[in-house]
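S.K.: Input: one structure, supplied below.
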């Protein structure tokens, strides 16, 4: 398949053959080295046979049960004499309710909220064209394809999960016929039983995932790395059913890998974080990128003392010292999610501690909600997702308005976060709970990301093409690699106005009720925009009368360029809003003042002074947008504008408009503001470079080149590509 791809296209290939084998759980054991800018270690993947094979394959019948018990005992005794590099022993107690979830010797100390303290080698496979022929069994070895890019894969091996002591409990339902394949099938049966454990045994499941991930290997597997994939096979194995269902991969990331960014924070300290786009996590670990590959994971991450490891996890990890100067952090998730949602950030972050006054505010918010707000009665419905420990079925979680949260920031922003951010988070969480109901996740970490963070999401196919797969499960994300797509906000704006239009059609109360219904119906599942629109239209009594359909919405709102026709037909009722009218009055004052100053030249009379009203940030954005339409604004009016609203101290949305005014009117005293914005707000500043170049002004072009030269080293690759095309 890979040989058929045109590397010059901007489509992103998702290579994993998920229809044959599906990753159900990842165990990562990694070291982060800031000197070499490399993350290296081991990942163990646990598989289930994919949908294409699950329907037709089954375990044979025959061999007596006692053999399995003897085999497991034998393998367990072998484990005691098998050296395993850099592995600490985990607790072996077997009470299901008290299982230790171990990561390098760490113990599970969960409370009732679920918080916890604590060069490439080639194997000789010619190419992916040698992938097994599903319709012609026996001719070729089965080829497992994982999404992989910019990784140095060192070794791949099968994991002998049967060697884990106590694992025989997972073999009781196994029945085999072929004695020669007994041990291989036994291992796959163990993995099957482990990944399908009921949700209420999640602690036991994590415990055995950890134990199995530390089991010895039982044979190296052949592999080769391509531009976008890692291909693995076992000689003589021709079907996914017989392929090892637990494999271990030794690998290293590359400093130039596009899934992580090595940079410095606002305090100048080194840090690294996952980017989220455009290639997701395939340059962080070998994985299955198609969204259908929902999986859970656990990870132990080691780094030098002084660094903090944050990760998408359900537990609040606390560091454990392994040896002097080295700390280990352990996270896990029990809700199956796409591999693209795995995030990690390592840096010298400081936790912004909760002050007693702020804590009191949070408590008041949490317990001042009317009791009716918490009882949505949705828990009486059956969840539609795959089984996992769902908070929607937990009475305590359903009444939790504010989930536990932590805030991390660079040292230089600690005070600002304490003053502004800490007080907002509980209010936001409470508002989300009031509107949408139960929080799907048990906790929240908030990180102030570095200045060069530019990820705005990842493109996915639209309409009927969404999730379109080949027989193997591979697919393509249209324009997924097109750098400028990341910065286009047209689809977000259209989506916003579409939702506002629908809210007006059915009424705001009904619309918010539909949002709550949507969350409860589809939580824990893959969702298409069509699913949301179909559900929303169910709640519109006038649907037939208004002729609203999913097809008409796509046609009128999303599949056409320019301003959607329904939006034009609605007119501009927003101008009647009191806040908008207030802005209109202020715009008139500024325009009139500008005209008077231009007529009077440098003369300034006291009677010409105008008193301007204070405006909210959103009003300031509208004000500056309106003033951007003016052909000429004199320097004195721009100086007065900045001083009146303290524009340099406003949020990025406001400052971006201010910078546009500075560039448009060549306001030299404001060039410092433009330079600061391009340095500190790199994701939003991309198109300011274009505006600096388009005026063909020597000073502005010099400023653009100066800023780019200073920021390029740490700039996101997509941003750098887009800016370079503007400048050179």
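In the numbering used here, the protein residues as written are 316 to 1043. From the three backbone atoms N, C-alpha and C, an ideal C-beta is built for every residue, glycine too.
(1) If you draw a straight line from the alpha carbon of residue 281 to that of residue 633, how long is it in whole angstroms?
(2) Could you pull out every residue in the same chain whose Cβ sits closer than 7 Å to the Cβ of residue 628, ignoring the five residues on either side in sequence?
(3) Let me know if residue 1027 comes out buried or exposed under the rule of 16 or more other beta-carbons within 10 Å of its beta-carbon.
(4) Taking 8 Å as the threshold, find out whether the stretch 502 to 511 comes into contact with the stretch 548 to 564 through three or more Cβ pairs.
(5) Can you give me the C-alpha to C-alpha distance between residue 1035 and residue 467, rounded to a whole angstrom?
(6) Terminal residues of the continuous alpha helix (DSSP H) containing residue 995?
(7) With a cut-off of 8 Å, do at least 3 Cβ pairs link the stretch 599 to 616 to the stretch 332 to 351?
(8) Just tell me which of 474, 512, 826, 844 has its CA closest to the CA of residue 501.
(9) What is the rounded straight-line gap between the Cα of residue 643 and the Cα of residue 626?
(10) Can you give me the start and stop residues for the alpha helix (DSSP H) that residue 478 sits inside?
(11) Provide the residue span of the alpha helix (DSSP H) that contains residue 468, from first to last.
(12) If you follow the alpha helix (DSSP H) that residue 968 is part of, which residue opens it and which one closes it?
(13) Comparing alpha-carbon positions, which option in 614, 658, 977 lies nearest residue 761?
(14) What did DSSP end up calling residue 731 once you bin it into helix, strand or coil?
(15) Would you mind listing the beta strand (DSSP E) stretches within the stretch 340 to 370 that are 3+ residues and don't spill past its ends, in chain order?
(16) For the stretch 808 to 822 against the stretch 848 to 856, do three or more pairs of beta-carbon atoms, one drawn from each stretch, fall closer than 8 Å, so that the two count as touching?
(17) For residue 335, does the three-state DSSP call read helix, strand or coil?
(18) If you reduce the DSSP assignment to three classes, tell me which class residue 375 lands in.
(19) Among the candidates 941, 775, 521, whose CA atom is the shortest distance from the CA of residue 793?
(20) For the candidate residues 499, 721, 511, whose alpha-carbon lies nearest to that of residue 533?
(21) Please report the distance separating the alpha-carbon of residue 461 from that of residue 738.
(22) Would you tell me roughly how many angstroms separate the C-alpha atoms of residue 383 and residue 497, rounded to the nearest one?
(23) Quick one: is residue 407 buried, meaning 16 or more other Cβ sit within 10 Å of its Cβ, or exposed?
(24) Comparing alpha-carbon positions, which option in 483, 476, 459, 727 lies nearest residue 580?
(25) May I have the straight-line CA-CA distance separating residue 662 from residue 590, to the nearest angstrom?
(26) Taking buried to mean at least 16 other C-beta atoms within 10 Å of its own C-beta, is residue 894 buried or exposed?
(27) Among 914, 967, 364, whose alpha-carbon lies nearest the alpha-carbon of residue 935?
(28) Using a Cβ-Cβ cutoff of less than 8 Å, which residues in the same chain neighbour residue 881 once the five nearest sequence positions on both sides are dropped?
(29) Only counting the same chain, and skipping five residues up and downstream in sequence, which positions put a Cβ closer than 7 Å to that of residue 520?
(30) DSSP state of residue 634, grouped into three classes?
(31) By how many angstroms is the C-alpha of residue 945 removed from the C-alpha of residue 899?
(32) I need the DSSP call for residue 652, collapsed to helix, strand or coil.
(33) If distances are taken between C-alpha atoms only, which option among 651, 368, 364, 925 comes closest to residue 514?
(34) Output yes or no for whether 9 Å exceeds the beta carbon distance between residue 725 and residue 1029.
(35) I'd like the list of long-range same chain contacts for residue 732, defined as Cβ closer than 8 Å, with 5 residues on each side in sequence excluded.
(36) Let me make sure I understand the geometry here. Which of 913, 904, 1040 has the alpha-carbon closest to that of residue 1008?
M.R.: Answer, in terms of the structure:
(1) Residue 281 lies beyond the stretch modelled for the chain, which goes from 316 to 1043, so this question has no answer here.
(2) As a position in the chain shown, residue 628 is number 313, starting the count at 1. Within the same chain, residue 628 has close Cβ partners 646, 647, 648.
(3) Residue 1027 sits at position 712 when you count from the first residue of the chain shown. So residue 1027 ends up on the exposed side.
(4) yes
(5) Residue mapping note: residue 1035 aligns to position 720 of the chain shown, counting from 1. Residue mapping note: residue 467 aligns to position 152 of the chain shown, counting from 1. Taking the straight line from one Cα to the other gives about 25 Å.
(6) As a working mapping, residue 995 is identified with position 680 in the chain shown. Looking at the DSSP string, the run of the alpha helix (DSSP H) that includes residue 995 is 986 to 995.
(7) yes
(8) What you label residue 501 is simply residue 186 of the chain shown in a count that begins at 1. Residue 474 is the option with its Cα nearest to residue 501.
(9) Indexing the chain shown from 1 puts residue 643 at position 328. Indexing the chain shown from 1 puts residue 626 at position 311. Approximately 13 Å between the Cα atoms of the pair.
(10) As a working note, residue 478 is residue 163 in the chain shown. Element bounds for residue 478: n/a, residue is neither H nor E.
(11) For the purposes of this step, residue 468 is taken as residue 153 along the chain shown, with counting starting at 1. Premise fails: residue 468 lies in the beta strand (DSSP E), 466 to 474, not in any alpha helix (DSSP H).
(12) Here residue 968 corresponds to residue number 653 of the chain shown, with the count starting at 1. Unbroken alpha helix (DSSP H) run through residue 968: 967 to 979.
(13) Your numbering for residue 761 matches position 446 in the chain shown. Measuring from the Cα of residue 761, the nearest candidate turns out to be 658.
(14) Within the chain shown, numbered from 1, the residue matching residue 731 stands at position 416. Helix, per DSSP.
(15) 353 to 364
(16) yes
(17) For the purposes of this step, residue 335 is taken as the residue at position 20 of the chain shown. DSSP places residue 335 in coil when its eight states are reduced to three.
(18) Residue numbering aside, residue 375 sits at position 60 when the chain shown is read from its first letter. Any answer about residue 375 is weak, because its pLDDT of 37 lies below 50 and its placement is not dependable; what the coordinates show is given next. Residue 375: coil per DSSP, three-state reduction.
(19) Taking the chain shown and counting its residues from 1, one reaches residue 793 at position 478. Nearest C-alpha to residue 793: 775.
(20) Along the chain shown, one-based indexing puts residue 533 at 218. Comparing Cα positions, the closest option is 499.
(21) Your numbering for residue 461 matches position 146 in the chain shown. Your numbering for residue 738 matches position 423 in the chain shown. Their Cα atoms are separated by approximately 43 Å.
(22) Counting from 1 along the chain shown, the entry for residue 383 is found at position 68. Counting from 1 along the chain shown, the entry for residue 497 is found at position 182. In this predicted model, residue 383 has a pLDDT of only 33, less than 50, meaning its place in the structure is not dependable; the value taken from the coordinates is given anyway. When rounded, the distance between both Cα atoms is 9 Å.
(23) Here residue 407 refers to the residue found at position 92 when the chain shown is read from its first residue. Because residue 407 carries a pLDDT of 30, less than 50, the predicted location of this residue cannot be relied on, and the following value inherits that uncertainty. Exposed, because fewer than 16 other Cβ atoms sit within 10 Å of the Cβ of residue 407.
(24) Taking the first residue of the chain shown as position 1, residue 580 is located at position 265. Checked all of 483, 476, 459, 727; the closest Cα to residue 580 is 727.
(25) Numbered from its first residue, the chain shown carries residue 662 at position 347. Numbered from its first residue, the chain shown carries residue 590 at position 275. Rounded to the nearest angstrom, the two C-alpha atoms are 15 Å apart.
(26) Looking up residue 894 in the chain shown gives position 579. Exposed, since its Cβ has fewer than 16 Cβ neighbours within 10 Å.
(27) Locating residue 935 in the chain shown gives position 620, where the first residue counts as 1. Checked all of 914, 967, 364; the closest Cα to residue 935 is 967.
(28) Here residue 881 refers to the residue found at position 566 of the chain shown. Here the set comprises 816, 871, 872.
(29) Taking the chain shown and counting its residues from 1, one reaches residue 520 at position 205. Counting only Cβ-Cβ distances below 7 Å, and skipping sequence neighbours, we find 509, 512.
(30) Taking the chain shown and counting its residues from 1, one reaches residue 634 at position 319. Three-state DSSP puts residue 634 in coil, outside helix and strand.
(31) For the purposes of this step, residue 899 is identified with residue 584 of the chain shown, where counting begins at 1. For the purposes of this step, residue 945 is identified with residue 630 of the chain shown, where counting begins at 1. If I take the Cα positions, the gap works out to 14 Å.
(32) The sequence position of residue 652 within the chain shown is 337, counting from 1. Three-state DSSP puts residue 652 in a strand.
(33) Locating residue 514 in the chain shown gives position 199, counting from the first residue. Considering only alpha carbons, the answer is 651.
(34) Residue 725 sits at position 410 when you count from the first residue of the chain shown. Residue 1029 sits at position 714 when you count from the first residue of the chain shown. Going by C-beta atoms, residue 725 is not nearer than 9 Å to residue 1029.
(35) For the purposes of this step, residue 732 is taken as residue 417 along the chain shown, with counting starting at 1. Hits under 8 Å: 667, 722, 724, 763.
(36) For the purposes of this step, residue 1008 is taken as the residue at position 693 of the chain shown. The candidate whose alpha carbon is nearest that of residue 1008 is 1040.
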